[in-house]
Amino acid sequence: MLRKTEWQHCLQVFEEMFPDAHCELVHQNPFELLIATLLSAQATDVHVNKVTAELFQKYRTPEDYIRVSLEELENDIRSIGLYRNKAKNIRALCEMLITEYNGILPEDRDELTKFPGVGRKTANVVVSNAFGVPALAVDTHVERVSKRLGMCRWKDNVMQVEDKLMRWTPREEWTNTHHRMIFFGRYHCKAQNPNCPECPLLDLCREGKKRMRVK
DNA sequence: CTCCCGATAT
DNA sequence: ATATCAGGAG
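Using my numbering, the letters of the first sequence map in sequence onto residues 384 to 598.
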């Protein structure tokens, strides 16, 4: 298991490798970010941005998503995948936003998770990127990187991973660290062909050393 | 745990 | 052909 001082070194390396890591989901306001993040489940952000480029032209307010039929919304997001669940959730979410929140998105993380299709990860992304609330959203990349490095256990669920990350990372660095870990996981510590040979963290990485030994 | 699901990389 | 992609709900 990784030591805390080793994790602090990881944070330094993440910053050196990806100093300008940022949210890659294109959006112009908190509502668009919420929709984009909901759509991003099991899809690449490149693909999401391709779809939202047209989607956000056609749908600008919660009311716009309610006006059309469910089938029409499904068609507009079909290529993303999981489109039936996502369309249904977006509709219900917009209904709820209008009737219970006067069309204004709450800035509280736990309040956001009350919306259909919005779990802890999506809520964390919205509050951190749109409202400046420190948060460390654990997505597929963050989880994979954390477990490969041995910063948490393989059996840990996402909540346990998030807890450990928050306890070992200064609060003011939560959001930056989240972005840097995503870039690190997406472009370097990739799911299929991780670049272990050129990794500056190889000497302290549980999984990396195992992989290098096999090859 | 399973299901939802099309696009893309390997 | 198969694995994976900024997950969430039942």
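Ideal Cβ placement from N, Cα and C applies to all residues, glycine included.
Next on the checklist: For a minimum of 4 consecutive residues, which ranges assigned as the alpha helix (DSSP H) are wholly contained in the segment 417-444?
Outcome noted: 428-441
Checklist entry - In its own chain, which residues sit with a C-beta less than 8 Å from the C-beta of Asn-578, not counting the 5 before and 5 after it? => result His-571, Cys-572
Next on the checklist: Going by DSSP, what residue range makes up the alpha helix (DSSP H) through Gln-395?
Outcome noted: 387-400
Next on the checklist: Please give the ranges of any alpha helix (DSSP H) in the segment 538-585, keeping only runs that are unbroken, at least 4 residues long and fully inside the region.
Outcome noted: As far as the segment 538-585 is concerned, its whole alpha helix (DSSP H) runs of at least 4 residues are 541-551, 557-570.
Checklist entry - Is it right to say Val-510 is buried, meaning 16 or more other beta carbons lie within 10 angstroms of its own, or is it exposed? => result In the assembly as shown, Val-510 is a buried residue. Its beta-carbon has 16 or more other beta-carbons within 10 Å.
Next on the checklist: My assumption, with CB atoms under 8 Å, is that Val-528 sits in contact with Gly-502. Please give the rounded CB distance.
Outcome noted: Not really, about 20 Å apart at Cβ, beyond 8 Å.
Next on the checklist: Quick check on the burial criterion: 16 or more other C-beta atoms within 10 angstroms. Buried or exposed for Ala-436?
Outcome noted: exposed
Checklist entry - Are the beta-carbon atoms of Lys-504 and Asp-522 separated by less than 7 Å? => result yes
Item to check | Beta carbon of Leu-422 nearer than 7 Å to that of Val-431 | outcome: Yes; because the gap between Cβ atoms is below 7 Å, this pair is in contact.
Checklist entry - Ala-419: buried (16+ other C-beta within 10 angstroms of its C-beta) or exposed? => result buried
Checklist entry - Is it the case that the Cβ atoms of Ala-520 and His-561 are separated by a distance below 7 Å? => result yes
Checklist entry - On the three-pair Cβ rule with 8 Å, is the segment 398-407 touching the segment 437-446? => result no
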